[in-house]
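Visitor:
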Amino acid sequence: MNEKILIVVVCLLGIVGVCYGLYKKDHVVFVAGLVFVIAGYLMFRKKWKSYLREKYLSEHDPEP
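Sequential numbering from 306 applies to the sequence shown in the working numbering.
Here's what the structure looks like:
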């Protein structure tokens, strides 16, 4: 549960940073926001891939 909250917070910080950087034309905040969005996406993707691997590989494994 804590990892989900961390992913949401990182993505929201990134989105806010990107929006603020675009609105105020602050390049440093914009780039930092992009970094946060990418980091949040990669954390989400890692968690999603492990979930799918666990769900679908365990269904197709034959029982010994």
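Just so you know, even glycine gets a beta-carbon here, dropped at the ideal spot from N, CA and C.
Keep in mind the model is a prediction, meaning the values are calculated, not measured.
#1: In the structure shown, what three-state DSSP assignment does K330 receive?
#2: Quick one: Cα of R358 to Cα of F349, how far?
#3: Does DSSP put M348 in a helix, a strand or coil?
#4: Nearest-angstrom Cα distance between I320 and I310?
#5: Comparing alpha-carbon positions, which option in L339, L347 and K360 lies nearest I312?
Guide: Based on what the coordinates show:
#1: The answer is coil: DSSP assigns K330 none of H, G, I, E or B.
#2: Our two residues, R358 and F349, have alpha carbons roughly 14 Å apart in a direct line.
#3: Residue state, collapsed to three classes: helix.
#4: Distance from the CA atom of I320 to the CA atom of I310, rounded to whole angstroms, is 15 Å.
#5: Ranking L339, L347 and K360 by CA distance to the CA of I312 puts L347 first.
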